[in-house]
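J.: For the sequence shown, this note's numbering assigns the number 11 to the initial residue and increments by one for each residue that follows.
Got a structure here, written out as structure tokens. Questions coming.
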Amino acid sequence: MNNDNWDDIRYVLAVDGYGSLNAAAEALGVTHATVLRRVVAFEQRSGCAIFRKSPSGYSTLPEARTILSAMENVEDAVLSVERAIVGANRSPVGHVRITSTDSLCQMVLPQILNEISKEYPGLELTLLSSNSHRDLSRLTADIAVRPSIKLEDGLVGERSGTLSFGVYDDGSPNRKWMRLDGALSRSLPAKWLAENANTEQTTNGADSFLVLQQMAVSGAGKTFLPEFIGDADPRLHRSPGMNPQIEVPLWVATLEEIAQTPRFAVVQRALVERIAKALAN
11 MNNDNWDDIR YVLAVDGYGS LNAAAEALGV THATVLRRVV AFEQRSGCAI
61 FRKSPSGYST LPEARTILSA MENVEDAVLS VERAIVGANR SPVGHVRITS
111 TDSLCQMVLP QILNEISKEY PGLELTLLSS NSHRDLSRLT ADIAVRPSIK
161 LEDGLVGERS GTLSFGVYDD GSPNRKWMRL DGALSRSLPA KWLAENANTE
211 QTTNGADSFL VLQQMAVSGA GKTFLPEFIG DADPRLHRSP GMNPQIEVPL
261 WVATLEEIAQ TPRFAVVQRA LVERIAKALA N
């Protein structure tokens, strides 16, 4: 299989998985036009259509499911080989990609990565900021720093601390709750809101705690924020009478197959230790 064929399969599977060219392009880190070109190239070369195009997105044609299933088997095999190659690299130097939430990427991790770089100058570190979870099994990142109740299957890691949440606003009384949208809708604070606030008690929302922070400062409403964000902003106040105890473990994790690779093990251990100190201060 040449590289073009493998790339086309990756793009077709991404469109199948995400349901649109734009979502697939964002996940792959390429442009909408690149994804479209790859999908068209595959359909033309194979002589069969894979997707039904509609205003709501791309859906896989029933007769193409067998082809997609075979593609998934190819992808699993190729990624398994790539993970084995990465895991066999015993060099303590090289490139390490760390993915985390936008708030941790902006407020906690930059200084920590700078310290790690000084201690291990042979490492090249990349910080990937996203509130959507990257699939480490597809090698889109090497280490994940994520708040989660438990680790996903296939990942190994350590807790580096706990994210505690508080309720914040601009000090004005009787503010409505701001919604936690997008990736935040699956968080524990969002679950608490769903169980304790009705739609009449909610207002505008966002998919980022950093954005919600600025919306709260502007007077848009009250919101849950990680304490390392809310307590550090003198413009915000703890909402009186609101103190739900919400805490989420913070994990530093990687794939089992590559966990013993020296450069990943070194960075993972350094992240665990430094994040724990940063959150404790």
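From the three backbone atoms N, C-alpha and C, an ideal C-beta is built for every residue, glycine too.
Assuming L265 is part of the beta strand (DSSP E), what are its boundary residues?
T.: 256-265
J.: Measure the alpha-carbon distance for R196 versus H105 and round it to whole angstroms.
T.: Looking at the two C-alpha atoms, the distance is approximately 31 Å.
J.: Return the CA-CA distance between T271 and N83, expressed in angstroms with no decimal places.
T.: 26 Å
J.: Does DSSP classify T172 as helix, strand or coil?
T.: T172 falls in the strand class under three-state DSSP.
J.: Does the distance from the CB of G176 to the CB of R245 come in under 7 Å?
T.: no
J.: With a threshold of 7 Å between beta carbons, is A151 in contact with chain D?
T.: Checking the listed chains, one finds no chain D in this structure; it contains a single protein chain.
J.: Within the chosen definition, does the region 252-266 reach the region 195-211 through at least 3 CB pairs nearer than 8 Å?
T.: yes
J.: What does the Cβ neighbour count give for V50, buried or exposed, with the cut at 16 atoms within 10 Å?
T.: V50 should be labelled exposed.
J.: In angstroms, rounded to a whole number, what distance separates the CA positions of L20 and A35?
T.: First, the amino acid is wrong: residue 20 is Arg here, not Leu. Distance between R20 and A35, taken at the CA atoms: about 11 Å.
J.: What separation, rounded to the nearest whole angstrom, lies between the Cα atoms of S218 and L194?
T.: When rounded, the distance between both Cα atoms is 7 Å.
J.: Are T209 and W187 closer than 7 Å when you measure CB to CB?
T.: no
J.: Counting along the chain, where does the alpha helix (DSSP H) carrying A204 start and finish?
T.: 198-206
J.: Taking I122 and R284 to be in contact with their CB atoms under 8 Å, please state how far apart those CB atoms are, rounded to whole angstroms.
T.: Between I122 and R284 the beta-carbon gap is near 4 Å, inside 8 Å, which marks them as a contact.
J.: Should T173 go down as buried or exposed, given a rule of 16 or more other Cβ atoms within 10 Å for buried?
T.: It is worth fixing the name first, because residue 173 is Leu in this sequence and not Thr. L173 comes out buried.
J.: By the 10 Å Cβ neighbour count, where 16 or more other Cβ atoms means buried, how is K128 classified, buried or exposed?
T.: Label assigned to K128: exposed.
J.: List the endpoints of the continuous beta strand (DSSP E) containing L138.
T.: 133-139
J.: At what residues does the alpha helix (DSSP H) containing V103 begin and finish?
T.: Neither: V103 is in no alpha helix (DSSP H) and is coded neither H nor E.
J.: First and last residue of the beta strand (DSSP E) that includes G215?
T.: Segment 212-216, the beta strand (DSSP E) holding G215.
J.: Would you identify the three-state DSSP class for V277, choosing helix, strand or coil?
T.: helix
J.: Count the other C-beta atoms from every protein chain shown that fall within 10 angstroms of the C-beta of R185, then say buried if there are 16 or more, exposed otherwise.
T.: Buried: at least 16 other Cβ atoms inside 10 Å.
J.: For Q121, which of helix, strand or coil comes out of DSSP?
T.: Of the three classes helix, strand and coil, the one that applies to Q121 here is helix, per DSSP.
J.: With DSSP as the reference, label A154 as helix, strand or coil.
T.: strand
J.: Assuming T111 contacts Y178 under a Cβ cut-off of 8 Å, what Cβ separation, rounded to an integer in Å, is found between them?
T.: Rounded, the Cβ-Cβ distance is 17 Å, inconsistent with contact.
J.: Can you grab the Cα-Cα spacing for the pair T76 / T41, in whole Å?
T.: 27 Å
J.: When DSSP builds the beta bridges, which residues end up paired with K63?
T.: Y68
J.: Determine the DSSP secondary structure at L235, reduced to helix, strand or coil.
T.: strand
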